Structures are given as C-alpha cells and as structure tokens.
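Numbering-wise (our numbering), the sequence shown opens with residue 6 and increments by one.
We treat Cβ as the ideally placed atom computed from N, Cα and C, and that holds for glycine.
All values derive from a computational prediction rather than experimental measurement.
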Amino acid sequence: MPFGHIVADQVTRLPPESSSSDPQREAMVATAEFLAKILDTTVKIPGTPFYVGLDPLLGLIPGIGDMIANLIGTVILILAARLRVPQIVIARMSLNLLINGTIGAIPILGDLFSIWFRSHARNAELLRRAAAQPHRET
Numbered sequence: 006m007p008f009g010h011i012v013a014d015q016v017t018r019l020p021p022e023s024s025s026s027d028p029q030r031e032a033m034v035a036t037a038e039f040l041a042k043i044l045d046t047t048v049k050i051p052g053t054p055f056y057v058g059l060d061p062l063l064g065l066i067p068g069i070g071d072m073i074a075n076l077i078g079t080v081i082l083i084l085a086a087r088l089r090v091p092q093i094v095i096a097r098m099s100l101n102l103l104i105n106g107t108i109g110a111i112p113i114l115g116d117l118f119s120i121w122f123r124s125h126a127r128n129a130e131l132l133r134r135a136a137a138q139p140h141r142e143t
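If you want it as structure tokens, here you go:
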C-alpha cells in the first residue's frame, strides 16, 4: 500500500474542525450577538432608518453612563477570551471599546458617535468570524 494512500485515509477519518458543531461555542457567540443587539440596535427611531441601543441611551447619564455601557460590552470581550479566539482579534475588540468609550465620553457628540460606530456590533461580528475559524495558536 503506498504511503500517500495511508495518509489520505487517516485524514478523511479525522473529525472536521468546524466550530459550528459545538453547541457551547454557538451559545457563547449567540450571547455576544444578543448583547450587541441590546447595546447597539434595540429600538428603531420612528420615521428614520436608524436604530438606537442602550449604549447611547446610557451615555446620556452624566459620569457613569458610558462606563456602564462599556462594562456591559466587556462581556463580549470575555466571551472572546473564553472561546480562545486569536489575540489580534481580542486586541481589535479592545480597541473598538476604547474608541467608543473615549469618544463616547464627550456629551451629546459621543452619544451620536455611539449610534454610528456600534462598537458592540463590530465586536460581535469579529467574534463570530473568529469563532467560525478552526482553532489556531497565536
């Protein structure tokens, strides 16, 4: 039997490295997407194509509103760490939260920025894409 034939048979018997077959991973990604929806696109503004979430609404609370929204948003970051996504993805997610928190601290303008930037939806999308990739070390 040729060597290549044995290797090919062994490869075909290995289980596929699809993360979508793991219900726990799927549940964590779904939780991240749910949080992102609550924080970024919960309510449609009547008469416009825009949606508003809790993030810009909490941002209207002076002093602690943006901090509360970012603390809730870090749950998505924690889920990414638990799913062991590549560290570069976690760094990009952290940068999104930093940008949102920094600019979001500016009264009114920061809340409008949060409506446009949607850092939590960006992070949920980054997490979803990274979790769908086969596991690799970084």
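| query | Under 7 Å, do L131 and R89 count as touching if we go by C-beta distance? | reply | no
| said: Just to confirm my understanding: we take R18, look at its own chain, exclude 5 residues before and 5 after, and list those with CB closer than 6 Å. What are they? | reply: Bear in mind that the predicted position of R18 carries a pLDDT of just 36, short of 50, making it unreliable; the figure below should be weighed with that in mind. Nothing listed; no residue qualifies.
| said: I'd like to confirm the pairing. Which residues does DSSP put opposite V48 in its beta bridges? | reply: V57
| DSSP-derived helix/strand/coil call for V80 | helix
| Own chain partners of I104 with C-beta closer than 8 Å, once the 5 adjacent residues on each side are dropped | F122, S124
| Is I69 helix, strand or coil when you go by DSSP? | coil
| query | Does the Cβ of D27 have 16 or more other Cβ atoms within 10 Å, making it buried, or fewer, making it exposed? | reply | exposed
| Does the count of Cβ pairs from the segment 132-139 and the segment 45-53 closer than 8 Å reach three? | no
| said: Which same chain residues end up closer than 8 Å to T79 when comparing Cβ atoms and leaving out the 5 residues on each side of it in sequence? | reply: L102
| In three-state terms, what does DSSP make of D116? | helix
| message | Can you find the residues in the same chain that come closer than 7 Å, C-beta to C-beta, to V34, ignoring five residues on each side of it along the sequence? | response | L132, R133, A136
| task | Helix, strand or coil for E22, going by three-state DSSP, please let me know. | result | Confidence in E22 is poor, its pLDDT being 44 and thus under 50, which makes the residue's placement too unreliable to answer from.
| said: I need the DSSP call for L62, collapsed to helix, strand or coil. | reply: helix
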